[in-house]
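**Q** When we follow my numbering, the leftmost residue of the sequence shown carries the number 89, and every step to the right adds one.
Next up is a structure, given as structure tokens.
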Amino acid sequence: MSDLVLDSASRWFGNVVAVNDVSLSIGPGVTGLLGPNGAGKTTLMAMMAGYLAPSAGSVTLDGQPVWRNTAIYRQIGLVPERELSFGYLTGRQFVRANADLHKLPDAAAATERILGVVDMVEPAARRLDTYSKGMRQRIKIAAALVHEPAVLLLDEPFNGVDPRQRMHLMDLLRRLGDQGKTVLFSSHILEEVERLARHIEVVVSGRHAASGDFGAIRRLMTDRPVQYAVRSSDNRRLAALLMAEASVRAVGLRKEHLDVQVDDLGSFAVGLPGLARQHDLTLFELSPSDESLESVFAYLVAR
Ligand SMILES: Nc1ncnc2c1ncn2[C@@H]1O[C@H](COP(=O)(O)OP(=O)(O)OP(=O)(O)O)[C@@H](O)[C@H]1O
Numbered sequence: 089m090s091d092l093v094l095d096s097a098s099r100w101f102g103n104v105v106a107v108n109d110v111s112l113s114i115g116p117g118v119t120g121l122l123g124p125n126g127a128g129k130t131t132l133m134a135m136m137a138g139y140l141a142p143s144a145g146s147v148t149l150d151g152q153p154v155w156r157n158t159a160i161y162r163q164i165g166l167v168p169e170r171e172l173s174f175g176y177l178t179g180r181q182f183v184r185a186n187a188d189l190h191k192l193p194d195a196a197a198a199t200e201r202i203l204g205v206v207d208m209v210e211p212a213a214r215r216l217d218t219y220s221k222g223m224r225q226r227i228k229i230a231a232a233l234v235h236e237p238a239v240l241l242l243d244e245p246f247n248g249v250d251p252r253q254r255m256h257l258m259d260l261l262r263r264l265g266d267q268g269k270t271v272l273f274s275s276h277i278l279e280e281v282e283r284l285a286r287h288i289e290v291v292v293s294g295r296h297a298a299s300g301d302f303g304a305i306r307r308l309m310t311d312r313p314v315q316y317a318v319r320s321s322d323n324r325r326l327a328a329l330l331m332a333e334a335s336v337r338a339v340g341l342r343k344e345h346l347d348v349q350v351d352d353l354g355s356f357a358v359g360l361p362g363l364a365r366q367h368d369l370t371l372f373e374l375s376p377s378d379e380s381l382e383s384v385f386a387y388l389v390a391r
């Protein structure tokens, strides 16, 4: 099974609400936790791993509360975003220390086994401070998996990792998901999440904003109204023409340009040049005015 369930979970720090009334359920396979910086992803993962108590609501694994539950800690591995602070240890010593902390009956064998899984047997004799970013991620994953937990949580595992190592890491996580582990990784990059996750949970400003497979999330993001700045040889006349277009939701006449809110991006972009030509207008500029990821997320929250 291995279902992680958050039920109206909140976490605040003084008067900062980092996680606000989040309810969601994460099962076996790979799930992506998508959200912009500061959305509360790290706080959510710390609560899921039992490192932080929820201020309200609950976090359970297969019905058991995670917080202060040693039996449940054995079922969970967390790969934090922060860098390793034991650069003087070899990869093998670092993983072994984690095996010892878990009091594994054969810590040496468990260490060798997991070094093999993450493909780090050969570099394991070297010090951590000689590793590339991708290798550091893999050794952190080995340390989080050495006790064979059913759940693996990874905070921004691909940040700063080069493309080849990223593929390697993605393959590893995919394999773990296929083996039936519950794998949850956070990211602020939609493309990254789309490539790997069977299921996506979106959080924005501490709130749960959306949930679904990548098709559903992509549709939510591309079907949203988009605002364009348009400049032409006669903005006033173009505004009147645009108002009659089905794909246009609103037009604002500014000093130098038009703000055009578009529902259907595809047909607007295809139709605009023809419309201008037909009425002898010249287009000088067509540029999206709110394409930041933050605005996409803001739309999802406001729905
Ligand atoms: N220990 C803390 N004390 C005070 N505020 C905190 C603490 N931890 C997190 N916060 C605040 O809670 C909010 C969510 O932070 P969190 O780190 O969980 O977000 P995030 O989505 O992981 O972002 P990032 O990817 O930038 O780390 C932020 O406003 C942050 O400043």
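Think of the CB as a built atom: it goes at the ideal place given N, C-alpha and C, for glycine as much as any other residue.
Remember, predicted model here, so these are calculated numbers, not experimental data.
(1) Do Leu369 and Ser321 have their beta-carbon atoms positioned less than 8 Å apart in this structure?
(2) Suppose contacts are defined by Cβ-Cβ distances below 8 Å. Is Leu346 in contact with Pro361 by that definition?
(3) Are the Cβ atoms of Asp243 and Val314 separated by less than 8 Å?
(4) Kindly list the residues whose CB is nearer than 8 Å to the CB of Met208, restricted to its own chain and excluding five residues on each side of it in sequence; keep chain order.
(5) DSSP state of Pro251, grouped into three classes?
(6) Sort Arg319, His276 and Gly340 by Cα distance to Leu374 and report the nearest one.
(7) Please return the same chain residues whose Cβ sits closer than 7 Å to the Cβ of Glu344, not counting the five positions on each side in sequence.
(8) For Glu169 and Pro211, what's the separation of their Cα atoms in angstroms?
(9) Less than 8 Å separating the beta-carbons of Lys129 and Gly138?
(10) Heavy atom of ligand 1 less than 7 Å from the Cβ of Val104, yes or no?
(11) Output the residue ranges of the alpha helix (DSSP H) runs that lie fully inside the region 274 to 328 and measure 4 residues or longer, sorted by chain position.
(12) So if DSSP puts Asp49 in a beta bridge, which residue, or which two residues, is it bridged to?
(13) What runs of the alpha helix (DSSP H), each 4 residues or longer, lie entirely inside the region 192 to 236?
**A** Reading from the atomic positions:
(1) yes
(2) no
(3) no
(4) Gly179, Met223, Arg226, Ile227 and Ala230
(5) Annotated three-state conformation of Pro251 is helix, per DSSP.
(6) Arg319
(7) Arg319
(8) 21 Å
(9) The answer is no: Cβ separation not under 8 Å.
(10) yes
(11) 278 to 284 and 302 to 310
(12) The structure shown does not extend to residue 49, since the chain is modelled only from 89 to 391, so the question has no answer here.
(13) 195 to 205 and 221 to 233
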